[in-house]
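Trainee: Residue numbers (this note's numbering): 343 to 537.
Take a look at this one; I'll ask things after.
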C-alpha cells in the first residue's frame, strides 16, 4: 500500500521489460496517489508498459492525462505523437507534434517530423510552414532543407516559390541531382515558361 514502493517496483519492472507485471503495480500506485504530478509519477511508466504491449489506445489515454494536466510536458507530447503514429492515427500525431512545438519551438527534428507527417496527410500548408521553420533554425544541411522546402511548395501548387527555393538549394550545392530534377519538373510543369 506504499505509493513510493509501488512506483519504484513498477519502474524496476519496466526497465527489465516486464510490462505484464508493471501494469498492475503502476496502476496501484496511480490509485494510491491520484494527485501526484502526472509527468513524474506512475503515468510515464504506465504509458511505456502499454506501449511495449502494443496497447496504443491505453498508452495514448495515459499520455493524454499527462499533457492535459501539464502544459509544459514536452516529452509526453512527443511520446503521444509517436504512439498515435504507431497506431495509425496520423492526424492525431500531427496535432500532438504541433502542441509540442508550442512548448519548444527550437527542436529542428520535431519540425522535420511534423513536415514529413503533414506531407503524408497532404496537409500542404503545414508542410510548407514546417519546412520554413526548419530553414529558419539554420540546419546543417542547408541545401537539403531548401530542396525539401521546394518540394513542399511544389506539392502545395506554389511553383513560383518552389522554383526560388530549389534555385537557392542549387546555389548551395550545384551538383545536387534531386534539386536539379525538381527544377526540371517545375520548368516542365510551367510549359517551359519561367514561373
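Glycine is no exception: its CB is placed at the ideal position from the N, C-alpha and C atoms.
Quick caveat, the model's predicted, so the values are computed rather than measured.
Check whether the stretch 478 to 487 touches the stretch 458 to 470, taking contact to mean three or more Cβ pairs, one atom from each stretch, closer than 8 Å.
Mentor: no
Trainee: Taking the alpha carbon of residue 505 as the reference point, which residue from 448, 455, 527 has its own alpha carbon closest?
Mentor: When C-alpha distances from residue 505 are compared across 448, 455, 527, the shortest belongs to 527.
Trainee: From this set, 368, 356, 426, 508, which residue's C-alpha is nearest residue 343's C-alpha?
Mentor: 368
Trainee: Determine the burial state of residue 421: buried for a count of at least 16 other Cβ atoms within 10 Å of its Cβ, exposed for fewer.
Mentor: buried
Trainee: Give the secondary structure of residue 500 by DSSP, where H, G and I count as helix, E and B as strand, and everything else as coil.
Mentor: coil
Trainee: Between the C-alpha atoms of residue 549 and residue 478, what's the straight-line distance to the nearest angstrom?
Mentor: Nothing can be reported for residue 549, as the shown portion of the chain is limited to 343 through 537.
Trainee: How far does the alpha helix (DSSP H) with residue 388 in it reach, from first residue to last?
Mentor: 385 to 394
Trainee: Determine the direct distance from the alpha carbon of residue 488 to that of residue 476, and round the result to whole angstroms.
Mentor: 9 Å
Trainee: Among 426, 518, 532, which residue has its Cα nearest to the Cα of residue 389?
Mentor: 426
Trainee: In the DSSP assignment, find the alpha helix (DSSP H) that holds residue 373 and state where it starts and stops.
Mentor: 361 to 374
Trainee: Return the Cβ separation of residue 457 and residue 494 in integer angstroms, given the expectation that the two are a contact with Cβ distance under 8 Å.
Mentor: 7 Å
Trainee: With distances taken Cα to Cα, identify the nearest neighbour of residue 373 among 353, 360, 349.
Mentor: Scanning 353, 360, 349 for the CA closest to the CA of residue 373 turns up 349.
Trainee: Alpha carbon to alpha carbon, how far is residue 452 from residue 520? Give it in angstroms, no decimals.
Mentor: Going from the Cα of residue 520 to the Cα of residue 452 covers about 24 Å.
Trainee: Looking at the structure shown, is residue 469 part of a helix, part of a strand, or coil, going by DSSP?
Mentor: helix
Trainee: Which of the three DSSP states is assigned to residue 448 in this structure?
Mentor: coil
Trainee: Less than 8 Å separating the beta-carbons of residue 371 and residue 384?
Mentor: yes
Trainee: Within the same chain, show all residues whose beta-carbon is closer than 8 Å to that of residue 432, passing over the 5 residues directly before and after it, in chain order.
Mentor: 426, 459, 462, 463
Trainee: Look up residue 482 in the DSSP assignment and say whether it is helix, strand or coil.
Mentor: coil
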